[in-house]
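Below is one structure, written out as structure tokens, with a few remarks after it.
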Amino acid sequence: MGYPDYMYESIKLVEATRPKRVEMAKEGLQKFLKPLSAEEREKVLQENHPDYQPDACKPIRVGPNKGEYMTAEVVNILERPSPLPGDFAIEPVDYRTDVLVIGGGGAGCQAALWAAKNGAQVILCTKLRLGDANSMMSQGGMQASVNPGDSPLIHYLDAIGGGHFDNKPELVKVLTSEAPFIVKFLEELGVIWDRLPDGHYQTQSGGGASRRRMLSARDYTGAEIMRVLRDEVRNHPDKILVLEYLPAIELVKDEEGKVAGAVLFDMDTGQHFVVQAKAVVIATGGFGRIHIGGFPTTNHYGATMDGVVMAYRAGARLLHMDSVQFHPTGAIYPPQIHGFLITEKIRTMGGQPVNARGELFVYPLEPRDVEASKYIQECKKGLGVRTPDGQYGIWLDSPLIEILQGPGTIERAFPAMLRQCKRFGIDIRTLPMLVYPTLHYQNGGVEIDELCHTRVPNLLVAGEVSGGVHGRNRLMGNSVLDYNVFGRRAGIEAARIAKETEIKGRLNVAHVREYQEELKRKGVEPKGYAPILLPEYRNLEALKRHREEFDPFAPAGL
Amino acid sequence: MSGELIPIYIYSRRYFVPEGSTIISALEYIGFKLKKGVGCKEGFCGACASLYRLKDDYKLKGGLGCQTVVQPEMQIVQIPFVPAPKAIYNIEELEADPEIFVRFYPELYRCLSCNTCTKICPQELQVMDFVQAAIKGDFEQVANLSFDCIMCGLCSARCPAEITQFNLALLARRIYGKYLAKKSAHLEQRLKEVESGKFEEGYRELASLSPEELKNKYFQREINFQIT
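This is the structure:
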């Protein structure tokens, strides 16, 4: 393992330009490489970003956003029929609770905790295990304006400019003004932040941020927060019932049209369970595993857009679903880690993107969409490094970090990255990493307001599944912040709603049937089911052998 | 992954999979639809803990399915999670006192110093050392040594003293983070500013700008990475 011999020709060129680039970094890279202007950003995005390519989007034929353009793969999934059997009987109800939280990642755990704190009985259901989520995987950090020379207002400006001014301003205000509180809340639960000897936070900059406000926990930031939140959820067994390996597949409503629970599905046995709840929070995360544009992804195995599908059928509006975040630095070699996240923190700590000739060709900390587009452009120009299977990548010169920040920095700040690359024969302290943009984040989602309401009564949404917070491009460190801020808000609001809600009449899935009718009327060919719950990686031969009738995972269909 | 196929054993059955596959990609190649024992696929979640034995080797080894490359004649089983006791506690009522280990995880003191936990750890953590640090009541040491723990549970599955290393370390880290880590006065200052409404006027101003004015303000904003 390790790099094939031919790549060392290019690595030598990287090493040759390194001393010069060290000098530039010491003087401040901004002096040599100006961040791009508005016009330059627009141009590089138009020419290179996958979202801007002619076939990337198409209009959706059904539902609340009918006629609007969305990412083609998103439309394909939204136009699939429901997996709920046609003769499905909602009664008897299996569980009754005040608040149902769907999703066991960061947003779901925050929502469950705060709903319980506010007096609600909570059921949290999740497709895999509690904490199996993108939240667990974030490496670089969480933004919060905790330093003296910074402020929530500057954070607001960075986030809204990074999002191309498409963000809902009131959501950005909530995000940025509550960030310091979230830092405090998490450390009171016992989250260990990286700190300087005097106790102040060790902070880094991030792409598109004009100040250092990235708090971190080595490069296990998401894991550190997630395992503490998970532990705290488990500390309240009297108030929060956790149902693992039980994804929701449809929402249910009462006779007034309020959301009043969900149908859960056991993927092993094919059993359905009905949960009746006075308020429902969807916190199911994003869509990386639908592999938009054929890109590999940094995302968790369960990131299949389930929540967007369920909410859309129930009548919620979607926002910015034409916008996909490609992280500039996904691993492209070795093949075992293809598509994996290489944290942006590598660049904030001094790592530089350089081409096959060893040239630094872009300011390393542009907003992610711009940075990713520059890498794609460089490879198109023929200045990328070829992998043995014919793909192209850019060097991310990680050894610079130790030259600039001292020996031992990588082991201290990037134990996860160091460990992962070493497992496949590459020591990132002495060798650069080979990277290419990878599918990373669902920028848009279900439109919410400041209290996480959707336009469907008693349906709240928080975290990556929501839309509006990040506009059309999220900045590094704002997703961890997002799921904490809005997960908490959704929990508090769900508990409040539950107190004043009375479920009227019989539970039903009429909205699902209506959606299916609309699909039929529009002549949409039924193909597969959605939510898809799990991605498909079995090879073609294996799939051909596969007999649907023996697989409870292939349900009968409505 | 190269085209060369090699034999491996999954739950004792022999299959041929591409050389260079990880355990997880080998399972998918064979035709398993993974519903358990799979998670982030990047080594951060601990969902794909696996036990394996190599040909002609008496040792039982452990690894993460997504991070372990298969070898010819390897025998593999997966462990989606390890049933383990977890203390239920109110963190507000605890103190940074080693007594909490006696109270919540008394089996800790049965540690035989056999180092089995350290040998099986897929993160290559010094597990036995942090268990010993916990016995000594050194919260900071436990926090440092256990920080990269992904809670896959392999250590506790193998421990002859039935210790739940990953849960007691989490308790120790939470105690350290809450009660012992130095705090930032800057945060307190900022929280006071937010609570006093110091930024409200600024937010109103930003919200009142025309799109053009907002863009200008953004592109002309000062970029300053000094901390002061």
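So the sequences go chain by chain: C and L.
Mapping to the numbering used here: the first sequence position 484 is 969, numbers consecutive.
Mapping to the numbering used here: the second sequence position 122 is 455, numbers consecutive.
Note that CB positions come from ideal geometry on N, CA and C, so glycine has one too.
Please read these numbers as outputs of a predicted model, since none were measured by experiment.
key: Cross-chain neighbours of L:E375 in chain C, by beta carbon under 8 Å   = M622, T783, I822, F825, L826 and Q905
message = Against chain C, does L:A467 count as a neighbour if the rule is that its beta carbon must be under 8 Å from one of theirs?
response = no
query = For the putative contact between C:G626 and C:N958, defined by C-beta atoms under 8 Å, what is the C-beta separation to the nearest angstrom?
reply = With a Cβ gap of about 18 Å, C:G626 and C:N958 do not count as contacting.
ask   = Checking contacts by CB at 8 Å: is C:Q837 closer than that to chain L?
value = no
query = Name the DSSP bridge partner or partners of C:D704?
reply = For C:D704, which the question treats as bridged, DSSP gives the partners C:A702.
request  = Could you check if C:Y1000 is buried or exposed, using at least 16 other CB atoms within 10 Å of its CB as the buried criterion?
outcome  = buried
task = Could you tell me if C:D967 is buried or exposed, where buried requires 16 or more neighbouring beta carbons within 10 angstroms of its beta carbon?
result = Flag for C:D967 reads buried.
ask   = Which full runs of the alpha helix (DSSP H) of 4+ residues lie inside the region 871 to 938 of chain C, going along the chain?
value = 884 to 890, 894 to 898 and 900 to 908
key: Partner residues on chain C for L:E495, Cβ-Cβ distance less than 7 Å   = What L:E495 touches in chain C: nothing, since even the nearest Cβ is about 20 Å away.
query = For L:T449 and chain C, any beta-carbon pair shorter than 8 Å?
reply = no
inquiry  = According to DSSP, simplified to helix, strand and coil, what is C:E735?
reply    = strand
task = For L:V371, return the contacting residues in chain C, with the cut-off set at a CB-CB distance below 7 Å.
result = Y786
ask   = Taking 8 Å as the CB-CB cut-off, is C:P1040 touching chain L?
value = The predicted model places C:P1040 with a pLDDT of 43, which falls under 50 and marks its position as unreliable, so this point remains unresolved.
inquiry  = Can you confirm whether C:L1025, when its beta carbon is compared against all beta carbons of chain L, has any partner nearer than 8 Å?
reply    = no
ask   = In terms of residues, what are the limits of the alpha helix (DSSP H) holding L:D462?
value = V460 to K469
key: Cβ-Cβ separation, C:L656 to C:V809 (assumed contact under 8 Å), whole Å   = Contact between C:V809 and C:L656 fails: their C-beta atoms lie close to 19 Å from each other, not under 8 Å.
query = Should C:I710 and C:V965 be called a contact, given that it needs their Cβ atoms to be closer than 8 Å?
reply = yes
request  = Have a look at C:Y488 and L:F349 and give me their C-alpha separation to the nearest angstrom.
outcome  = When only Cα atoms are considered, C:Y488 and L:F349 end up about 26 Å apart.
request  = Along the beta strand (DSSP E) that carries C:R798, what are the first and last residues, could you check?
outcome  = Looking at the DSSP string, C:R798 is not in any beta strand (DSSP E); the run it does join, the alpha helix (DSSP H), is D791 to R798.
key: Cutoff 8 Å; reference L:Y362; Cβ partners in own chain excluding five residues on either side   = Within the same chain, and ignoring the five residues on either side of L:Y362 in sequence, the residues whose Cβ sits closer than 8 Å to its Cβ are V350, P351 and S354.
query = Within 8 Å (strictly less), CB to CB, does L:Q404 reach chain C?
reply = no
task = Please list, in chain order, all residues of the same chain as L:C485 whose beta carbon is under 7 Å from its beta carbon, the five residues on each side excluded.
result = G379, A382, L397 and P455
task = Consider the Cβ of L:D481: report whether some Cβ of chain C lies at a distance smaller than 8 Å.
result = Chain C contact via Cβ: present.
query = So what does DSSP say about L:G336, is it helix, strand or coil?
reply = coil
inquiry  = Per DSSP, what are the beta-bridge partners of L:G395 in this structure?
reply    = L:L384
query = So is L:E361 in contact with chain C if we call contact Cβ pairs under 8 Å?
reply = yes
task = List the endpoints of the continuous alpha helix (DSSP H) containing C:L498.
result = M492 to E512
Residues of the region 514 to 539 of chain C whose Cβ lies closer than 8 Å to any Cβ of chain L, in chain order = Q515, P520, S522 and A523
Chain L contact residues for C:I677, given Cβ-Cβ distances below 8 Å = A476, F480, R506, Y509, G510 and A514
task = Look up C:P1040 in the DSSP assignment and say whether it is helix, strand or coil.
result = At C:P1040, the pLDDT of 43 sits below 50, so the modelled position is not reliable; the number obtained from the coordinates is stated separately. Correct three-state label for C:P1040: coil.
request  = Let me know if C:T915 comes out buried or exposed under the rule of 16 or more other beta-carbons within 10 Å of its beta-carbon.
outcome  = exposed
request  = With DSSP collapsed to three states, give me the class of C:K516.
outcome  = helix
task = Please report how far the alpha carbon of C:D912 lies from the alpha carbon of C:I988, in whole angstroms.
result = 59 Å
ask   = If you run the structure through DSSP and keep just helix, strand and coil, what is C:F971?
value = For C:F971, the secondary structure class from DSSP, reduced to helix, strand or coil, is helix.
Burial state of C:M486 (16 or more Cβ within 10 Å) = exposed
ask   = Any beta-carbon of chain L closer than 8 Å to the one on C:D617?
value = yes
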